[in-house]
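A short write-up of the structure that comes next.
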Amino acid sequence: MIESHKAYLGKEKEKINNFISNTGLEFSQSQTGLRYHVYSIGNKDSIKTGEIAIVDYVLTLLNGDTAYTTLNTKPQQFIVEFDNVENGLHEGIQKMAVGDSSILILPAHLGYGITGDQSEIPSQSVLVYYLKFLAKIE
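The following block contains the structure:
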């Protein structure tokens with residue numbers, strides 16, 4: 334069981350590395366495995382636990398299929414480290430400042446894990462957020 338899980342994680346890492354290679358961009362990696370690339374710099378006003386983040390995003394699967402987006406609706410709000418959004422989104426927003434745009438790559442364990450979301454995101458899916466940090470409410 335442990336060996337099969339290690340093999341799965343190795344394949345997931347390889348898929349993420351291939352995706353990054355195809356972008357031609359430099360990504361940083363956190364201790365948890367979150368990959369992120371901030372490509373538009375805002376005002377350096379970062380966010381803290383308990384504050385409300387207001388974001389626009391396109392969330393895709395690693396193959397490019399769009400799962401969810403706020404672009405045709407209203408921006409999403411969530412309380413950092415408290416609301417029910419992906420752990421990788423909580424972590425990623427804290428690597429950004431208001432006005433930043435970034436690409437976040439969430440391995441399955443930072444997204445919806447083994448169950449998926451029972452709708453648009455299949456089991457064990459790597460997720461890619463194209464994220465714009467619009468504002469925060471303290």
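Residue numbers (my numbering): 334 to 471.
Ideal Cβ positions, reconstructed from N, Cα and C, are used throughout, including at glycine.
Residue environment, residue i, which counts as buried when at least 16 other CB atoms sit within 10 Å
i	result
H338	exposed
F466	buried
K344	exposed
K381	exposed
L404	exposed
M334	exposed
L460	buried
When the options are compared against residue i, the one with the closest alpha-carbon
i	options	result
V391	K469, Y462, E453 and S452	Y462
Y341	P440, S363, T402 and N405	P440
G425	P408, N396, V371 and T406	V371
T356	Q410, N396, E414 and Q409	N396
I349	L394, P408, T406 and I335	L394
For residue i, three-class secondary structure by DSSP
i	result
K346	helix
K469	strand
Y369	strand
T403	coil
I387	strand
T382	coil
L443	helix
I374	coil
L422	helix
I436	strand
Within 8 Å, strictly: CB atoms of residue i and residue j
i	j	result
L464	L437	yes
I447	S458	no
E453	A386	no
K311	E384	The question about residue 311 has no answer here: the residues shown for the chain are numbered 334 through 471.
Q362	V388	no
Residue i Cβ short of 7 Å to the ligand ATP heavy atom set
i	result
M429	For the ligand ATP, the structure offers nothing, since it holds no ligand at all.
Count the C-beta pairs between the segment 425-433 and the segment 359-379 that are closer than 8 Å, then say yes if the count reaches three, no if not.
-> When C-beta atoms of the segment 425-433 are compared with those of the segment 359-379, three or more pairs fall below 8 Å, so the two segments count as touching.
Can we say the segment 413-430 touches the segment 354-371, given the rule of at least three CB pairs closer than 8 Å?
-> Counting C-beta pairs closer than 8 Å gives three or more between the segment 413-430 and the segment 354-371, which meets the contact rule.
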